[in-house]
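Chains as they are written, first to last, in my numbering: chain P, 72 to 395; chain X, 72 to 395. Here the structure is laid out as structure tokens; the discussion comes afterwards.
There are 2 protein chains.
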Amino acid sequence: MIMSEFPPPQNELSNTVSIKQVLIVGGTHGNELTGIHTIKRFEQHPALIHRPSFDTSTVIGNPHATKDVTRYINKDLNRCFDASSWGPSSMSIYEMTRAKTLMEQYGPHSKQPIDLVIDLHSTTSNAGLMLILDHLDPFTLRLAAALQVKAPKVKIYSASRSGREHDSLRALGRYRLGIEVGPIAHGTLHADLFQKTQTLIQQVLDYVEQHNTILSLTNPTSPQSPTPKVLTVYQYIGTIDYPKNQHGDIIAMIHPQRQFRDYEAVNPGDPMFLTFDGETIGYTGKTPIHPIFINEAAYYEKGIAMSLTEKKQITLDCSSHSSL
Amino acid sequence: MIMSEFPPPQNELSNTVSIKQVLIVGGTHGNELTGIHTIKRFEQHPALIHRPSFDTSTVIGNPHATKDVTRYINKDLNRCFDASSWGPSSMSIYEMTRAKTLMEQYGPHSKQPIDLVIDLHSTTSNAGLMLILDHLDPFTLRLAAALQVKAPKVKIYSASRSGREHDSLRALGRYRLGIEVGPIAHGTLHADLFQKTQTLIQQVLDYVEQHNTILSLTNPTSPQSPTPKVLTVYQYIGTIDYPKNQHGDIIAMIHPQRQFRDYEAVNPGDPMFLTFDGETIGYTGKTPIHPIFINEAAYYEKGIAMSLTEKKQITLDCSSHSSL
Numbered sequence: 072m073i074m075s076e077f078p079p080p081q082n083e084l085s086n087t088v089s090i091k092q093v094l095i096v097g098g099t100h101g102n103e104l105t106g107i108h109t110i111k112r113f114e115q116h117p118a119l120i121h122r123p124s125f126d127t128s129t130v131i132g133n134p135h136a137t138k139d140v141t142r143y144i145n146k147d148l149n150r151c152f153d154a155s156s157w158g159p160s161s162m163s164i165y166e167m168t169r170a171k172t173l174m175e176q177y178g179p180h181s182k183q184p185i186d187l188v189i190d191l192h193s194t195t196s197n198a199g200l201m202l203i204l205d206h207l208d209p210f211t212l213r214l215a216a217a218l219q220v221k222a223p224k225v226k227i228y229s230a231s232r233s234g235r236e237h238d239s240l241r242a243l244g245r246y247r248l249g250i251e252v253g254p255i256a257h258g259t260l261h262a263d264l265f266q267k268t269q270t271l272i273q274q275v276l277d278y279v280e281q282h283n284t285i286l287s288l289t290n291p292t293s294p295q296s297p298t299p300k301v302l303t304v305y306q307y308i309g310t311i312d313y314p315k316n317q318h319g320d321i322i323a324m325i326h327p328q329r330q331f332r333d334y335e336a337v338n339p340g341d342p343m344f345l346t347f348d349g350e351t352i353g354y355t356g357k358t359p360i361h362p363i364f365i366n367e368a369a370y371y372e373k374g375i376a377m378s379l380t381e382k383k384q385i386t387l388d389c390s391s392h393s394s395l
Numbered sequence: 072m073i074m075s076e077f078p079p080p081q082n083e084l085s086n087t088v089s090i091k092q093v094l095i096v097g098g099t100h101g102n103e104l105t106g107i108h109t110i111k112r113f114e115q116h117p118a119l120i121h122r123p124s125f126d127t128s129t130v131i132g133n134p135h136a137t138k139d140v141t142r143y144i145n146k147d148l149n150r151c152f153d154a155s156s157w158g159p160s161s162m163s164i165y166e167m168t169r170a171k172t173l174m175e176q177y178g179p180h181s182k183q184p185i186d187l188v189i190d191l192h193s194t195t196s197n198a199g200l201m202l203i204l205d206h207l208d209p210f211t212l213r214l215a216a217a218l219q220v221k222a223p224k225v226k227i228y229s230a231s232r233s234g235r236e237h238d239s240l241r242a243l244g245r246y247r248l249g250i251e252v253g254p255i256a257h258g259t260l261h262a263d264l265f266q267k268t269q270t271l272i273q274q275v276l277d278y279v280e281q282h283n284t285i286l287s288l289t290n291p292t293s294p295q296s297p298t299p300k301v302l303t304v305y306q307y308i309g310t311i312d313y314p315k316n317q318h319g320d321i322i323a324m325i326h327p328q329r330q331f332r333d334y335e336a337v338n339p340g341d342p343m344f345l346t347f348d349g350e351t352i353g354y355t356g357k358t359p360i361h362p363i364f365i366n367e368a369a370y371y372e373k374g375i376a377m378s379l380t381e382k383k384q385i386t387l388d389c390s391s392h393s394s395l
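Rendered as structure tokens:
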């Protein structure tokens, strides 16, 4: 796998970059209605996402799948952004052509490259309000920290090492933020999570506005705001599939003690699955893990019963100017 | 709409009919995994559904949709069983041909017509464990009453007047029982509801066995079992669509005070929907209703935000022999 065309933001450098172009994407998966209707609402009320110091665009990632209320037509769009896979033969795959089109319109070689992309998703797992980060650079970490101050229940997931840094739609932007909310059945809306998603986006835009404003000062200083010094991050370490028989058919379900218990510690021996015949299958690892995306509908076909994370503490340098 | 080829069972007569052929169906909708894996398990362990006094068959209703983990290929199979719609042109629709095939194999003119069909479904609404009845004949009502004694949380929904009596897969059988469990996101399994579904089916088969056994006695008498004399039934009276704009796009979501609150009374003025802009839309009817199938994913395209029911009490004649 080749690296993204964007180099990962470097250390403190990223904190001094002014954000000029923001792109908000819904409908990267066409059956995740929260993001789709969020985009429609913003397009009807552009004042909601207008901020003086930068431009904000909106787009439906996968319009054909959105029309059909299905995750994708030929291939998951959120795995199509690795440019090395765009051979002539792949252009018969709708999502491959769509990814190429989006990259040409918004990517690093476009007229107005995207500084920050916000990609909206929903999940059948109990994600609550999750921020998906690809890079743990200072700008992104401080953005996440600021959001967690506003909404303490927000969880932070680091997807670096998962491969999504290179092939997901987020590869469109230099800085990236995935917003994942759940549990929501695909093809449905939940009013509570819809409103929380919209609020979170407002808070992201407000943060970026403040970041730009402080940067523009001659002598930027750190405002006295309650940014946490230590962030809790769930770091991707792998995935685990459902138990299957020799034909590849699943033989077990998520154990009732795991269902909807995303982010919670699972210790050696704890229940993981329950077979169709009622037998419990325990966790055989030696160190605690914190599963997320437990029982995500779209991951059955990917062979993922849950994603495994390590719960980490990351210390922020709070002396820098962009903390809120 | 023509009537089903089966006349509705008549009053007390139905209680004296011996049940010889039972058919259990899963995968009438190909993304409702609970029923599909229930059928697979029964096919692997036929002893689970064997009873001495009758034959039990199993079938996947929509095998193509099951393979694709989608509700249907061309048309909802559960709306294809009205024989008057089977013109030559409709035979290009996969589900129409499938319905015809199933009717020829199991219907009233088949070699072994089905006396009782049990059709397994799951829903994103908070159905809990729901029995769907088409006919409120004595046999069916006493079966429902017996199940409610075993599992008091089981709810009884009368779908008569909804049209499903004639066009749903249940039209295959003289007696019909739909089992609807939720909330489950389509394309997923929940271990708890999977096990409860299997237990419920066992109880249905046990009831039928006892029914047949008592019928075969020379002088059947009513066993002294705690059958309730009054059943609570949620009777279908209609459906309500999402509020929409002039383009047919929805402009509101299920109100948070309605979400997951199936079966509960809604009184005039109570919140029903929340618009994307945050305004509450209240119930404008004059009499209380009890909505079910609230926020079912597959009903967005059908223009159904929820089904409306009237909560009724039905008095059973407990002197007859088939009570458990």
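Ideal Cβ placement from N, Cα and C applies to all residues, glycine included.
(request) Name, going along the chain, the residues of the stretch 308 to 328 of chain P whose beta-carbon falls closer than 7 Å to a beta-carbon of chain X. (result) 324, 325, 326 and 327
(request) Can you check DSSP and say which residues form a bridge with residue 43(X)? (result) Outside the shown range of chain X, which is 72 to 395, sits residue 43(X), and nothing can be said about it.
(message) Quick check on residue 97(X) - is its C-beta less than 8 Å from some C-beta in chain P?
(response) no
(message) Can you find the residues in the same chain that come closer than 6 Å, C-beta to C-beta, to residue 193(X), ignoring five residues on each side of it along the sequence?
(response) 103, 105, 252, 253 and 255
(request) Report buried or exposed for residue 384(P), applying the criterion of at least 16 other Cβ atoms within 10 angstroms of its Cβ. (result) exposed
(request) Consult DSSP for residue 139(P) and reduce its assignment to one of helix, strand or coil. (result) helix
(request) From the DSSP output, in three-state form, read off residue 331(X) for me. (result) coil
(request) Closer than 7 Å, Cβ to Cβ, to anything on chain X: give me those residues from the stretch 172 to 197 of chain P, in chain order. (result) 195
(message) Against chain X, does residue 371(P) count as a neighbour if the rule is that its beta carbon must be under 8 Å from one of theirs?
(response) yes
(request) Measure the alpha-carbon distance for residue 380(X) versus residue 303(X) and round it to whole angstroms. (result) 12 Å
(request) Could you tell me which chain P residues have their CB closer than 7 Å to the CB of residue 263(X), listed as they occur along the chain? (result) 327
(request) List the DSSP bridge partners of residue 227(X). (result) 202(X)
(request) Since I believe residue 363(X) is in contact with residue 165(X) (beta carbons under 8 Å), could you give me their beta-carbon distance rounded to a whole number of angstroms? (result) Actually they do not touch by this definition, with Cβ atoms about 29 Å apart.
(request) Report the residues of the stretch 352 to 379 of chain P with a CB closer than 9 Å to any CB of chain X, ordered along the chain. (result) 366, 367, 368, 369, 371 and 372
(request) Name, please, each residue of chain B whose Cβ falls closer than 8 Å to the Cβ of residue 330(X). (result) Absence of chain B from the displayed structure is noted, the protein chains being P and X.
(request) Starting from residue 382(P), follow its DSSP beta bridges and name the residues at the other end. (result) 305(P)
(message) Buried or exposed for residue 378(P), going by 16 or more other Cβ atoms inside 10 Å?
(response) buried
(request) Ignore the nearest five residues each way along the sequence and tell me which others in residue 280(P)'s own chain have a CB closer than 6 Å to its CB. (result) 122 and 124
(request) Check whether the Cβ of residue 89(P) lies closer than 8 Å to any Cβ atom in chain X. (result) no
(request) Leaving aside the five residues before and after residue 95(X) along the sequence, list all residues of the same chain whose C-beta is less than 6 Å from its C-beta, in chain order. (result) 129 and 189
(message) Please identify the residue among 172(X), 163(X) and 119(X) whose C-alpha is closest to the C-alpha of residue 133(X).
(response) 172(X)
(message) Short of 8 Å in beta carbon distance, which residues of its chain neighbour residue 231(X), apart from the five on each side in sequence? Order them along the chain.
(response) 204, 205, 206, 207, 306 and 307
(message) Residues of chain X with CB closer than 7 Å to the CB of residue 108(P), please, in chain order.
(response) 347
(message) Quick check on residue 272(X): does DSSP put it in helix, strand or coil?
(response) helix
(message) Could you check whether residue 183(P) and residue 92(P) sit closer than 8 Å to each other, using their CB atoms as the reference points?
(response) yes
(request) Identify whether residue 235(X) lies in helix, strand or coil by the three-state DSSP scheme. (result) helix
(message) Against residue 136(X), what residues of chain P qualify as contacts under a CB-to-CB distance less than 7 Å, listed in chain order?
(response) Near residue 136(X) there are no residues of chain P at all, since even the closest Cβ is about 13 Å away, more than 7 Å.
(message) Rounding to the nearest angstrom, what Cα-Cα distance links residue 31(P) and residue 359(X) in this structure?
(response) The first residue shown for chain P is 72 and the last is 395, placing residue 31(P) beyond what the model contains.
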